[in-house]
Amino acid sequence: MNVGINVNDPMNGGANINMNINVNETGMNTQTQSTTTTTYSSTTTTSGNVGTVGTVQQSGYVMPGYNGNVGCNGYPMSESRFNEVVQSIEAKSFDDSKLTMAKQVINTNCMTSSQVKRLMLLFSFEDTRLDLAKYAYGYTHDIGNYYQLNDAFTFESSIEELNTYTSGFRR
Numbered sequence: 214m215n216v217g218i219n220v221n222d223p224m225n226g227g228a229n230i231n232m233n234i235n236v237n238e239t240g241m242n243t244q245t246q247s248t249t250t251t252t253y254s255s256t257t258t259t260s261g262n263v264g265t266v267g268t269v270q271q272s273g274y275v276m277p278g279y280n281g282n283v284g285c286n287g288y289p290m291s292e293s294r295f296n297e298v299v300q301s302i303e304a305k306s307f308d309d310s311k312l313t314m315a316k317q318v319i320n321t322n323c324m325t326s327s328q329v330k331r332l333m334l335l336f337s338f339e340d341t342r343l344d345l346a347k348y349a350y351g352y353t354h355d356i357g358n359y360y361q362l363n364d365a366f367t368f369e370s371s372i373e374e375l376n377t378y379t380s381g382f383r384r
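Using this note's numbering, the letters of the sequence shown map in sequence onto residues 214 to 384.
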């Protein structure tokens, strides 16, 4: 009897599990193959008589403990990799250089709201923080937590501008 199990990376659209079982008995050869694919879905509903607004199929990363809207559907950057990025950005002397590097990293990675906030706090100027927050929105997984970035701003006008931007953002 032989048993083999293969698990595919869920980053590529859900968890795929393949199981092969081979049984060899005297004069009998039996092979069984089973494939399981796991996807995640959520349904948005409204109160009253309106009913279901729509169903969203979500494949890819599912953030533990988070059930809100999803922006970037991939896996957010690991904390160890993110810490390396922070060190590289901190090594730059000017906000312009830091912002260029931060945007390069964000452009090729999915982030969490808390990671974006940590990046924002590396900058000295409010307008640079706002620029980064706007840029990173489309690359952030847990956009339902984006309100947490408000703490990185000094001025209420920056919070309002970011809120206006995210409210009008189209995917």
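In this text, a Cβ means the ideal position worked out from N, Cα and C, and glycines have one as well.
#### Entry: C-alpha distance - residue 358 paired with residue 326, whole-angstrom precision
A straight-line Cα-Cα distance of about 6 Å links residue 358 and residue 326.
#### Entry: Start-end ranges of the alpha helix (DSSP H) lying completely within the stretch 318-372, minimum 4 residues
For the stretch 318-372, whole alpha helix (DSSP H) runs of length 4 or above, ordered along the chain, are 326-333, 339-349.
#### Entry: Exposed unless 16 or more other CB atoms sit within 10 angstroms - verdict on residue 322
It counts as buried.
### Query
If residue 290 sits next to residue 301, beta carbons under 8 Å apart, how far is it from one beta carbon to the other, in whole angstroms?
Going by Cβ atoms, the distance from residue 290 to residue 301 rounds to 13 Å, so no, they are not a contact pair.
### Query
Can you give, in chain order, each stretch of the alpha helix (DSSP H) that sits fully within the stretch 281-320 and has at least 4 residues?
Complete alpha helix (DSSP H) runs here, min 4: 292-303, 308-320.
### Message
Let's test the definition: count the other Cβ atoms within 10 Å of the Cβ of residue 304 and tell me whether it reaches 16, buried, or not, exposed.
### Response
Exposed: under 16 other Cβ atoms inside 10 Å.
### Task
Using a threshold of 8 Å, state whether the C-beta atoms of residue 362 and residue 329 are closer than that.
Against a cut-off of 8 Å, the Cβ pair of residue 329 and residue 362 comes out as a contact.
### Message
Applying the 10 Å Cβ sphere with the 16-neighbour rule, what's the burial state of residue 340?
### Response
Around the beta carbon of residue 340, fewer than 16 other beta carbons sit within 10 angstroms, so the residue counts as exposed.
### Query
Which residues in the same chain as residue 260 place their Cβ atom closer than 6 Å to its Cβ, once the five residues preceding and following it in sequence are excluded?
Low local confidence applies: a pLDDT of 45 at residue 260 is under 50, so the model's placement there is unreliable, and no value is given.
### Query
Per DSSP, what kind of secondary structure is residue 279 in: helix, strand or coil?
In the structure shown, the three-state DSSP call for residue 279 is coil.
### Message
For residue 371 and residue 343, which I take to be in contact (beta-carbon distance under 8 Å), what is that distance rounded to the nearest angstrom?
### Response
The pair is a contact, with the Cβ atoms about 5 Å apart (cut-off 8 Å).
### Message
Measuring alpha carbon to alpha carbon, tell me which residue in 299, 295, 354 is nearest residue 336.
### Response
Looking at the Cα atoms, 299 is the closest of the given residues.
### Task
Helix, strand or coil for residue 274, going by three-state DSSP, please let me know.
Coil at residue 274, not helix or strand.
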